[in-house]
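Please read the structure below before turning to the comments.
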Amino acid sequence: MRIGDLEINGKVILGPMAGITTLAYREFMKPFGVALSYSEMISDCGIAYENKRTYEYLKTSELDSPVGLQLFGFDIKNTAKAIEIVQNEAIYDVLDINLGCPVHKVTKTGAGSSWLRNIDGLRDYMHEVCRISTKPVTAKIRLGWDENSINVFEVSKALEEVGVKAVTVHCRTKEQGYSGKANYHAVSGLKETLSIPLIVSGDIFTLDDAIKCVNETNADGVMVARGGVGNPYLVTQIDHYFKTGEKLPSPTVRDQLAYARSYASMLIRMKGEEMAIRELKGILPHFFSGFPGYKKIRLSLTTNMSNEKEMEAIFNGAERELNL
19 MRIGDLEING KVILGPMAGI TTLAYREFMK PFGVALSYSE MISDCGIAYE
69 NKRTYEYLKT SELDSPVGLQ LFGFDIKNTA KAIEIVQNEA IYDVLDINLG
119 CPVHKVTKTG AGSSWLRNID GLRDYMHEVC RISTKPVTAK IRLGWDENSI
169 NVFEVSKALE EVGVKAVTVH CRTKEQGYSG KANYHAVSGL KETLSIPLIV
219 SGDIFTLDDA IKCVNETNAD GVMVARGGVG NPYLVTQIDH YFKTGEKLPS
269 PTVRDQLAYA RSYASMLIRM KGEEMAIREL KGILPHFFSG FPGYKKIRLS
319 LTTNMSNEKE MEAIFNGAER ELNL
């Protein structure tokens with residue numbers, strides 16, 4: 019798969035997730051087989067108005083490459099200014115524009131999924147983005163605003179025509195949010211209408227989900243987001259299968275504990291103990307989902323963990339209880 023002049027060596031794309039796809043998370047996930055990762059969604063206004071906290075989202079590293087920075091906005095003046103700043107301040111490979119976020123505080127401004135109801139405006143906006151950007155531009159969209167206005171074929175073609183180099187489709191409507199099931203069938207045949215890569219997103223929680231997605235859509239890539247949180251080996255399973263045809267077994271609880279320790283260490287080193295522990299309370303329990311003693315481990319991690327020492331004590335206790 020090529021995005022502009024950038025070669026992507028694999029099918030697994032790491033999806034942007036607010037509060038999760040930090041630099042530490044992207045660095046942690048990359049060795050599992052991520053071919054391209056995306057940052058958390060970044061406000062163009064936050065960059066244009068030089069908000070220091072927003073600038074933190076622009077951090078990348080050599081291990082993180084290739085990486086895309088994802089912006090969202092509703093006014094080309096702000097977006098243009100943000101792109102110029104990003105090009106001067108950040109090291110990245112792809113500029114992604116979020117045209118699919120369903121959250122009300124985003125859509126009420128005219129950003130995110132709201133663009134799907136204004137294709138003429140979207141065309142003008144993205145034409146300028148592609149003109150200004152020195153990096154290849156990609157876009158993330160949804161099937162449409164609701165079940166009565168599914169326009170994914172029309173939007174995708176418009177994006178290609180103005181210079182977008184790859185399209186990611188989350189196979190739900192804006193109105194669905196993250197509920198219900200992703201509808202891969204709705205984009206069946208879309209790939210054949212495009213000359214740019216198609217990446218499909220939504221409900222990729224297992225290797226079989228990824229296989230079904232590709233079989234139904236003929237997509238060039240699958241975007242792993244929530245399904246990979248606490249289950250990094252899923253990326254390895256998907257990457258390995260599409261390169262070899264072999265299905266790898268799922269990780270053991272011993273493997274999962276090692277992954278949890280590794281990620282926690284990276285996040286603490288990057289963000290400091292206090293901030294990292296706050297974030298880890300919401301992420302670490304996912305590593306143990308489905309294993310014996312999950313409820314007890316989850317409770318300990320969310321209520322009895324206030325520092326790194328207490329976290330390690332919980333891990334050690336889990337090892338003893340599970341006879342690892």
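Counting in the working numbering, the final residue of the sequence shown is number 342, and the numbers go up one at a time with none missing. Every residue gets a Cβ at the ideal spot worked out from N, C-alpha and C, and that includes glycine. Predicted, not measured: the structure shown is a model, and the values here were computed from it.
Which residue wins for smallest C-alpha separation from Val124, given the options Glu102, Phe92, Arg149 and Ala98? That would be Phe92, whose Cα lies nearest to the Cα of Val124.
Starting from the Cα of Gly33, find the closest Cα among Gly207, Glu74 and Ile115 and give me that residue. Of Gly207, Glu74 and Ile115, the residue nearest in Cα terms is Ile115.
Top-ranked residue by Cα proximity to Gly245, from Gly263, Asp226 and Ile21: For the residues Gly263, Asp226 and Ile21, the minimum Cα distance to Gly245 belongs to Asp226.
If we count the other Cβ atoms within 10 Å of its Cβ and call it buried at 16 or more, is Asp273 buried or exposed? Its Cβ having fewer than 16 others within 10 Å, Asp273 is exposed.
With burial defined as no fewer than 16 other Cβ atoms inside 10 Å of the residue's Cβ, what is the status of Arg190: buried or exposed? Its Cβ being crowded by 16 or more others within 10 Å, Arg190 is buried.
Can you find the residues in the same chain that come closer than 8 Å, C-beta to C-beta, to Glu264, ignoring five residues on each side of it along the sequence? Cβ neighbours of Glu264 beyond the five flanking positions: His258.
Comparing C-alpha positions only, which one of Lys261, Asn27 and Leu161 sits nearest to Val85? Just measuring C-alpha positions, the residue of Lys261, Asn27 and Leu161 sitting nearest Val85 is Asn27.
Which two residues bound the contiguous beta strand (DSSP E) that contains Asp114? In the DSSP assignment, Asp114 falls within the beta strand (DSSP E) that extends over Val112 to Asn116.
Closest residue to Asp23 among Thr156, His145, Lys95 and Tyr73 (Cα-Cα distance): It is Thr156.
Please tell me whether Leu177 and Ile168 are closer than 7 Å, where the distance is taken between their beta carbons. Not in contact: Leu177 and Ile168 (Cβ atoms no closer than 7 Å).
Considering only residues of the same chain and omitting the five flanking positions on each side of Tyr312, which have a CB-CB separation below 6 Å? If we look at Tyr312 and ignore the five residues flanking it on each side, its Cβ neighbours are Phe306.
Which same chain residues, not among the five before or five after Lys192, have their C-beta less than 6 Å away from its C-beta? Excluding sequence positions up to five before and after Lys192, its CB lies within less than 6 Å of the CB of Pro120, Ser131, Arg160 and Trp163, all in the same chain and listed in chain order.
For Ala42 and Met284, I'd like the C-alpha separation in whole angstroms. Whole-angstrom Cα-Cα distance: 6 Å.
I need the DSSP call for Tyr75, collapsed to helix, strand or coil. Taken through DSSP and simplified to helix, strand or coil, Tyr75 comes out as helix.
What are the complete beta strand (DSSP E) segments, minimum 3 residues, inside the region 172–200? Counting only runs of 3+ residues, the beta strand (DSSP E) found wholly inside the region 172–200 occupies 184–188, in chain order.
To which residues of the same chain is Ile31 closer than 6 Å at the C-beta, ignoring the five residues directly before and after it? Scanning its chain for C-beta atoms nearer than 6 Å, with the 5 sequence neighbours on each side dropped, one finds around Ile31 the residues Leu54, Ile217, Gly239 and Met241, in chain order.
Ends of the alpha helix (DSSP H) at Glu102? Glu102 -> alpha helix (DSSP H) spans Ile94 to Glu107.
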